[in-house]
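One structure is given below, encoded as structure tokens.
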Ligand code: LCS
């Protein structure tokens, strides 16, 4: 039944089980461990012969509620919560990859994902090929007999390139390659990669899912079998599980995701158009604009264009930095998807793990600024941008 609800209803009710006390809101199970009625029962639980909780690193009722909710929203069989978006990236990849394997990944991804792909995976004997996933033929050509995973974000952090999930997943599937999509910028409300053919979805739940800037968290979604492996082989031993308190905060935050996203998207469209028409702006990157590379997929693959915009000013780097420092209402900070509107400089902040040459190859210019449009009134946000231009 939960699968048939509209997503706004799923956000409020999916995964929730009535509490015996009658509490409207699920209680927070802030407990590291769970008691057994006998030594025999403990043994049975460890052996998997009896269901029930053991220890929060292996499962917790509050965390499980969040996992059930996100799985329903993504149209996945199951989900696992992780301690950060990076724990989601590493867990999803380590679930599939072993020494000698090969992965094809997008050349433009969040900075620490880039480090994980290019510095850490090779240390464990995994070969990585980076490609521009706008070019489906290049993706196809990069796949070898050793390729196990195709990994990309769409839209891409920070310049919002959009990749065709159905086309890329189909190419991967033909070669028995697993497609993993980072859906952080969209959330399942704007894009459902599994329904488009991807095998796994990951999130930095730090962003829109929680939405209040007070939690670091991640999620992975996929088939029952893959999530079982991720939880009881990778997360159990590598240890990057989410704290139940943070899971409880995300459960609270997610109830309002639908209404928050409506505001984020409407304001971002307005602000993108304002920037596009500004004489001091060189280029705006926002999928909701007609001239954007991914515009034809808005309304199809993605319901709306989201709340993040990137742009370049008609000035040098020092001028761009001066513009950022001139803002009063926009806050200078990394992260995105919060109530507060944020601005950051990818080359020196989120994408600083790249070398300048790697950024150039990935299409991330040194002049690029990235904004996350918050929940303030868009007129106030535009007025603040306007005073920073003058
Ligand atoms: N995936 C994407 C697309 C991200 O944007 C981020 C973080 C992560 C994964 C990692 O998530 P975390 O561990 O931080 O929860 N992106 C950030 C950003 O653009 N600014 O600060 C963090």
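In this note's numbering, the protein residues as written are 209 to 598. Beta carbons are placed, not taken as given, at the ideal position from N, Cα and C, and that holds for glycine.
Between the C-alpha atoms of residue i and residue j, what's the straight-line distance to the nearest angstrom?
i	j	result
residue 448	residue 240	14 Å
residue 269	residue 396	23 Å
residue 392	residue 488	30 Å
residue 404	residue 373	6 Å
residue 344	residue 376	6 Å
residue 187	residue 598	Because the chain is modelled from 209 through 598, residue 187 falls outside the range shown and cannot be assessed.
residue 370	residue 317	12 Å
residue 522	residue 490	5 Å
residue 554	residue 560	7 Å
residue 348	residue 595	48 Å
residue 541	residue 485	25 Å
residue 217	residue 378	31 Å
residue 330	residue 591	47 Å
residue 386	residue 406	8 Å
residue 209	residue 366	38 Å
residue 308	residue 335	7 Å
residue 501	residue 215	28 Å
residue 582	residue 464	14 Å
residue 412	residue 294	7 Å
residue 431	residue 286	6 Å
residue 613	residue 232	The first residue shown for the chain is 209 and the last is 598, placing residue 613 beyond what the model contains.
residue 249	residue 440	20 Å
residue 235	residue 227	8 Å
residue 513	residue 304	31 Å
residue 565	residue 505	30 Å
residue 532	residue 525	11 Å
residue 213	residue 280	10 Å
residue 350	residue 508	27 Å
residue 584	residue 356	43 Å
residue 380	residue 400	17 Å
residue 245	residue 251	11 Å
residue 527	residue 576	12 Å
residue 321	residue 247	43 Å
residue 572	residue 471	27 Å
Return the Cβ separation of residue i and residue j in integer angstroms, given the expectation that the two are a contact with Cβ distance under 8 Å.
i	j	result
residue 416	residue 469	7 Å
residue 302	residue 446	7 Å
residue 310	residue 337	7 Å
residue 498	residue 458	35 Å between Cβ atoms; not a contact.
residue 580	residue 550	4 Å
residue 444	residue 266	6 Å
residue 283	residue 402	5 Å
residue 421	residue 548	7 Å
residue 569	residue 315	6 Å
residue 558	residue 428	The Cβ separation is near 21 Å, so there is no contact.
residue 292	residue 479	Not really, about 28 Å apart at Cβ, beyond 8 Å.
residue 452	residue 238	6 Å
residue 518	residue 493	4 Å
residue 361	residue 340	Contact doesn't hold; Cβ gap of about 13 Å is too wide.
residue 515	residue 476	5 Å
residue 262	residue 276	Actually they are not in contact, since the Cβ atoms of residue 262 and residue 276 sit about 19 Å apart, beyond 8 Å.
Go to residue i, then tell me how far its beta strand (DSSP E) extends in each direction, as first and last residue.
i	result
residue 360	355-361
residue 411	408-412
residue 519	516-521
residue 472	From DSSP, residue 472 is part of no beta strand (DSSP E) but of the alpha helix (DSSP H) over 465-484.
residue 525	Per DSSP, residue 525 belongs to no beta strand (DSSP E); it is in the alpha helix (DSSP H), 525-534.
residue 552	550-552
In the DSSP assignment, find the alpha helix (DSSP H) that holds residue i and state where it starts and stops.
i	result
residue 221	215-221
residue 494	Careful: residue 494 lies outside any alpha helix (DSSP H) and carries neither H nor E.
residue 324	That residue, residue 324, is in no alpha helix (DSSP H); it is neither H nor E in DSSP.
residue 579	Per DSSP, residue 579 belongs to no alpha helix (DSSP H); it is in the beta strand (DSSP E), 577-580.
residue 274	269-282
residue 301	293-304
residue 589	586-597
residue 249	247-255
residue 565	564-569
residue 346	344-350
residue 558	That residue, residue 558, is in no alpha helix (DSSP H); it is neither H nor E in DSSP.
residue 177	Because the chain spans 209 through 598 in this model, residue 177 falls outside it and cannot be assessed.
Per DSSP, residue i forms a beta bridge with which residues?
i	result
residue 429	287 and 409
residue 314	339
residue 390	361 and 410
residue 417	Answer by DSSP bridge pairing: none, since residue 417 is not bridged.
residue 370	None, per the DSSP bridge assignment.
residue 241	263
residue 539	550
residue 449	290
residue 510	506
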